[in-house]
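Number of protein chains: 2
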Amino acid sequence: MTHKTLFDLPTPSLVLDRSKLARNLRRMSDTCARNGVSLRPHLKTAKSIDVARMVLNDETPGIAVSTLCEAEYFAKEGVSDIQYAVCITPDKLERVAAIQSIGARLVLITDNAEVARAIADAQGRIDARFLVQIEIDCGENRTGVLPGSDQLVEIARILDAAPNIDFDGVMTHAGHSYGCRSLAEIETLAEAERLAVVTAAQTVRALGIACNTVSLGSTPTALHARNLDGVTEARAGVYMFGDMFQAQIGSCMVDDLAVSVLTEVSSHRADLNHLTVDAGALALSKDRSTEAVPNDIGFGLVSDLRGRSIAPQMIVKRVYQEHGLVPVPDGQWLADYPIGHRLRVFPNHVCMTAAMYDRYHVVDSASGNDTEIVAVWPRVNGW
Amino acid sequence: MTHKTLFDLPTPSLVLDRSKLARNLRRMSDTCARNGVSLRPHLKTAKSIDVARMVLNDETPGIAVSTLCEAEYFAKEGVSDIQYAVCITPDKLERVAAIQSIGARLVLITDNAEVARAIADAQGRIDARFLVQIEIDCGENRTGVLPGSDQLVEIARILDAAPNIDFDGVMTHAGHSYGCRSLAEIETLAEAERLAVVTAAQTVRALGIACNTVSLGSTPTALHARNLDGVTEARAGVYMFGDMFQAQIGSCMVDDLAVSVLTEVSSHRADLNHLTVDAGALALSKDRSTEAVPNDIGFGLVSDLRGRSIAPQMIVKRVYQEHGLVPVPDGQWLADYPIGHRLRVFPNHVCMTAAMYDRYHVVDSASGNDTEIVAVWPRVNGW
Chain P
1 MTHKTLFDLP TPSLVLDRSK LARNLRRMSD TCARNGVSLR PHLKTAKSID
51 VARMVLNDET PGIAVSTLCE AEYFAKEGVS DIQYAVCITP DKLERVAAIQ
101 SIGARLVLIT DNAEVARAIA DAQGRIDARF LVQIEIDCGE NRTGVLPGSD
151 QLVEIARILD AAPNIDFDGV MTHAGHSYGC RSLAEIETLA EAERLAVVTA
201 AQTVRALGIA CNTVSLGSTP TALHARNLDG VTEARAGVYM FGDMFQAQIG
251 SCMVDDLAVS VLTEVSSHRA DLNHLTVDAG ALALSKDRST EAVPNDIGFG
301 LVSDLRGRSI APQMIVKRVY QEHGLVPVPD GQWLADYPIG HRLRVFPNHV
351 CMTAAMYDRY HVVDSASGND TEIVAVWPRV NGW
Chain Z
384 MTHKTLFDLP TPSLVLDRSK LARNLRRMSD TCARNGVSLR PHLKTAKSID
434 VARMVLNDET PGIAVSTLCE AEYFAKEGVS DIQYAVCITP DKLERVAAIQ
484 SIGARLVLIT DNAEVARAIA DAQGRIDARF LVQIEIDCGE NRTGVLPGSD
534 QLVEIARILD AAPNIDFDGV MTHAGHSYGC RSLAEIETLA EAERLAVVTA
584 AQTVRALGIA CNTVSLGSTP TALHARNLDG VTEARAGVYM FGDMFQAQIG
634 SCMVDDLAVS VLTEVSSHRA DLNHLTVDAG ALALSKDRST EAVPNDIGFG
684 LVSDLRGRSI APQMIVKRVY QEHGLVPVPD GQWLADYPIG HRLRVFPNHV
734 CMTAAMYDRY HVVDSASGND TEIVAVWPRV NGW
């Protein structure tokens with residue numbers, strides 16, 4: 001059965017507004033062009049070839065991914081330049097080789113000399129050349145080596161010397177930009193991110209080793225960096241869709257949010273002044289990132305079917321596996337939102353929410369008919 | 384490619400220990416038999432026909448589910464007695480009728496007179512008979528009507544009078560048992576749950592309306608109720624697998640946990656005394672339920688490949704989309720857990736974690752070879 005509008009789609013479902021997506025993509029492309037760097041969109045949020053096709057072009061030929069499952073999917077769909085932006089482990093190299101054999105250039109990252117040696121040692125055993133970048137820690141304190149460290153030098157020398165490896169450069173990710181609470185903080189952190197990766201590139205070049213790629217990025221820093229001198233590319237992912245957390249840390253406006261969950265009112269409790277919707281912990285995810293920002297919206301901001309917020313206090317306050325609980329001021333609200341009434345919920349963290357679905361139901365709010373489903377786009381989940 | 388052991392399976396993957404599952408199933412079956420009630424296993428956690436087949440038999444012919452997608456899946460697999468244990472909305476009735484046409488008896492629940500009227504009004508429009516129970520609130524304050532309330536009477540009369548409806552009884556769910564912190568509290572709450580649903584049945588019968596089913600349940604109350612007089616069936620789901628939260632509220636022991644996530648060490652930070660594993664927010668879920676119990680294990684307890692806990696402090700403390708961060712006391716631990724070393728993580732809330740995967744890799748710790756994969760069982764996700 002083909003569902004034609006948000007009125008006949010089963011609930012819960014994942015809704016993607018194509019015109020808002022296009023606007024978000026253009027904003028980041030323009031920002032990167034202004035900063036003189038290539039954009040390498042990170043598809044870890046969208047996980048969709050249809051979204052990738054909207055952003056890929058001659059100036060933006062490559063993507064980043066977060067799983068080998070994504071890499072396989074995009075390679076099969078014809079994407080030829082893919083960075084697997086999570087530290088590689090040696091037992092995954094055979095799968096990497098298989099993805100390259102589909103026709104994709106698959107760039108790996110590492111922050112470890114033992115892993116670099118293990119890739120070099122695959123020579124003879126795995127019939128493939130590996131493209132490898134070194135991950136730099138610019139202050140996130142998660143993975144990566146420090147910009148001027150002995151480890152960086154050691155790994156670069158191992159990669160450069162190995163006959164089966166093409167050393168491709170350095171990369172970093174300022175994931176700690178999610179902790180910023182002002183544009184000034186983001187700008188400062190973006191400069192720290194730039195300095196870290198440019199310094200790392202200089203460290204490598206001082207060894208006489210070419211360092212083609214100097215890559216950085218997170219949605220907040222890619223959007224708000226004032227200067228990207230020495231950087232070759234910026235990566236970002238969540239900017240495509242935006243979410244309630246990103247809206248509160250300055251990456252976008254609530255009106256920019258391209259992804260929401262279609263739901264309907266499933267129960268009323270007049271005695272307790274709440275209603276439930278049929279989007280709960282699985283449909284929204286249990287991400288609580290807005291707990292750390294000024295406006296805690298629980299598990300999601302409730303909007304009408306056209307995506308307009310109803311009231312600031314109209315939020316999914318609690319979730320159970322298949323129930324979302326929405327407190328209301330009084331019984332009049334229950335009359336206004338009867339059982340079966342359809343709503344949309346904007347989530348805290350769209351990467352987590354979208355991962356619960358295998359497809360997007362695409363609408364186009366700029367078309368004049370913002371409840372018509374104009375396309376269904378599959379997603380790739382899992383590992 | 385068929386993976387034969389936990390050593391060659393891609394990471395992250397979902398691992399199910401069949402012998403622990405069997406032990407958990409037997410414990411609940413024995414408890415229900417001792418209490419003189421039928422068991423209606425809730426498949427919202429397992430979402431697997433292979434798991435359903437382990438628990439269904441002549442004494443346990445029916446299941447509960449939390450989505451119509453599950454109902455469709457189990458009906459197609461031949462399960463003939465299914466309760467959809469989330470309040471029905473009128474626009475889902477056509478889908479209910481389609482599931483019944485596969486051959487399943489599909490019991491619906493409602494807590495609302497308008498919905499009861501809408502089901503009655505489907506007469507003539509939808510060619511189906513509907514089996515409906517009334518949901519009772521036993522203190523969870525989520526959905527349901529109160530046991531002696533006017534609403535209960537009104538709904539029962541509507542359902543009883545409708546020619547296209549078979550009124551099937553009353554049901555309740557003591558989900559607030561998850562807030563209990565002692566067995567005494569659970570026993571008290573189990574008695575409140577029993578009293579609520581038995582009182583509701585008496586209210587209905589006093590109207591001259593038959594009330595065949597008197598159903599209750601949650602894993603803690605179904606396991607620890609001291610008396611289920613007047614109850615016909617108990618429902619529970621998470622008991623099949625258990626998780627770190629259930630272990631801490633007295634539903635099981637850590638050694639009973641049947642589901643874990645296979646992962647491997649992906650990075651070392653000697654300068655920060657941590658390692659990362661390749662199971663992050665998507666592989667484990669962002670559920671933080673152990674935040675509310677004495678022993679907060681972050682996003683999961685790390686164990687060795689055979690499922691034995693390594694140290695109480697060896698937990699996934701932070702998650703990023705594909706990284707789990709595990710603090711370690713000192714560098715010796717990094718030497719002991721090199722990159723590529725395989726581990727298993729026991730999650731906070733297995734319903735949320737399992738939902739991130741489309742299959743279980745089944746092992747059997749009682750077989751003497753606890754890393755061999757003896758089966759692959761699919762799961763049904765989505766709505």
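Each protein sequence line maps, in turn, to chains P and Z.
Sequential numbering of the first sequence, starting at 1, is according to my numbering.
Sequential numbering of the second sequence, starting at 384, is according to my numbering.
Built from N, CA and C at the ideal position, the CB exists for glycine as well.
Report all residues from its chain with a CB closer than 6 Å to the CB of residue i; omit the five preceding and five following residues, and keep chain order.
{"i": "P/D364", "result": "R18, S19, V374"}
{"i": "Z/D679", "result": "T673"}
{"i": "Z/C635", "result": "G625, Q629"}
{"i": "P/A201", "result": "V170, C211, V214"}
Of the residues the options, which one's Cα is nearest the Cα of residue i?
{"i": "Z/Q704", "options": "P/L284, P/A85, P/E77", "result": "P/A85"}
{"i": "P/V15", "options": "P/V259, P/R26, P/C87", "result": "P/V259"}
{"i": "P/V261", "options": "P/I249, P/T353, P/D229", "result": "P/T353"}
{"i": "P/S149", "options": "P/Q123, P/F74, P/D127, P/V204", "result": "P/V204"}
{"i": "Z/V621", "options": "Z/I632, Z/A608, Z/S601, Z/L439", "result": "Z/S601"}
{"i": "Z/E455", "options": "Z/Q534, Z/I538, Z/V490, Z/D441", "result": "Z/V490"}
{"i": "P/L25", "options": "P/L207, P/P12, P/P294, P/V55", "result": "P/V55"}
{"i": "Z/A718", "options": "P/L257, P/E114, P/G250, P/Q83", "result": "P/E114"}
{"i": "P/E191", "options": "P/D229, P/H323, P/C87", "result": "P/D229"}
{"i": "Z/D654", "options": "Z/P712, Z/L684, Z/G681", "result": "Z/P712"}
{"i": "Z/S750", "options": "Z/A539, Z/R689, Z/D551", "result": "Z/R689"}
{"i": "P/V293", "options": "P/R181, P/R129, P/C32, P/Q133", "result": "P/R181"}
Tell me which residue opens and which closes the beta strand (DSSP E) that residue i is part of.
{"i": "Z/L658", "result": "657-660"}
{"i": "P/C87", "result": "81-87"}
{"i": "P/S267", "result": "259-269"}
{"i": "Z/A447", "result": "446-448"}
{"i": "Z/T493", "result": "488-493"}
{"i": "P/R342", "result": "342-346"}
{"i": "P/A234", "result": "233-236"}
{"i": "P/L282", "result": "Per DSSP, P/L282 belongs to no beta strand (DSSP E); it is in the alpha helix (DSSP H), 281-284."}
{"i": "P/V362", "result": "359-363"}
{"i": "P/V132", "result": "130-136"}
{"i": "P/P10", "result": "Taken as a continuous stretch (DSSP letters only), P/P10 belongs to no beta strand (DSSP E), as it is neither H nor E."}
{"i": "P/S38", "result": "38-41"}
My assumption, with CB atoms under 8 Å, is that residue i sits in contact with residue j. Please give the rounded CB distance.
{"i": "P/E233", "j": "P/S38", "result": "4 Å"}
{"i": "Z/I592", "j": "Z/D549", "result": "Z/I592 to Z/D549, Cβ: 12 Å. No contact."}
{"i": "P/H176", "j": "P/G139", "result": "6 Å"}
{"i": "P/T276", "j": "Z/R525", "result": "7 Å"}
{"i": "Z/P761", "j": "Z/S431", "result": "7 Å"}
{"i": "P/P415", "j": "P/H274", "result": "This structure cannot speak to residue 415 of chain P, because chain P is shown only from 1 to 383."}
{"i": "P/A75", "j": "P/I99", "result": "5 Å"}
How far does the alpha helix (DSSP H) with residue i in it reach, from first residue to last?
{"i": "Z/G714", "result": "714-719"}
{"i": "Z/F457", "result": "451-459"}
{"i": "P/S384", "result": "The requested residue 384 of chain P is not part of the displayed model; chain P covers only 1 to 383."}
{"i": "Z/L476", "result": "476-485"}
{"i": "P/E114", "result": "113-121"}
{"i": "Z/A435", "result": "432-438"}
{"i": "P/V350", "result": "350-354"}
{"i": "P/A375", "result": "Careful: P/A375 lies outside any alpha helix (DSSP H), inside the beta strand (DSSP E) at 375-378."}
{"i": "P/F245", "result": "244-248"}
Got a sec? Which residues, its chain only, sit under 8 Å from residue i by beta carbon, not counting five neighbours each side?
{"i": "P/D304", "result": "I310, L343, R344"}
{"i": "Z/V759", "result": "R742, Y743, H744, V745"}
{"i": "P/T89", "result": "V115"}
{"i": "P/H341", "result": "E264, V265"}
Please determine whether the Cβ atom of residue i lies at a distance below 8 Å from any heavy atom of the ligand COA.
{"i": "Z/A487", "result": "This structure lacks the ligand COA; in fact it carries no ligand of any kind."}
Going by beta carbon distance, what residues of the same chain come within less than 7 Å of residue i, once the five residues before and after it are set aside?
{"i": "P/R117", "result": "I158"}
{"i": "P/V380", "result": "K47, C69, E70, Y73"}
{"i": "Z/T388", "result": "T754, E755, I756"}
{"i": "P/R95", "result": "L68"}
{"i": "Z/H651", "result": "L658, L717, I722"}
{"i": "Z/P546", "result": "Q506"}
{"i": "P/G144", "result": "D111, E135, I136, D137, T172"}
{"i": "P/E193", "result": "C138, T172, A174, L216, T221"}
Counting only runs of 3+ residues fully inside the stretch 139-222 of chain P, write out the beta strand (DSSP E) ranges in chain order.
The qualifying runs are 165-172, 213-216.
My parser needs the beta strand (DSSP E) runs of 3 or more residues fully inside the stretch 683-718 of chain Z; what are they?
List check, beta strand (DSSP E) in window: 684-686, 707-710.
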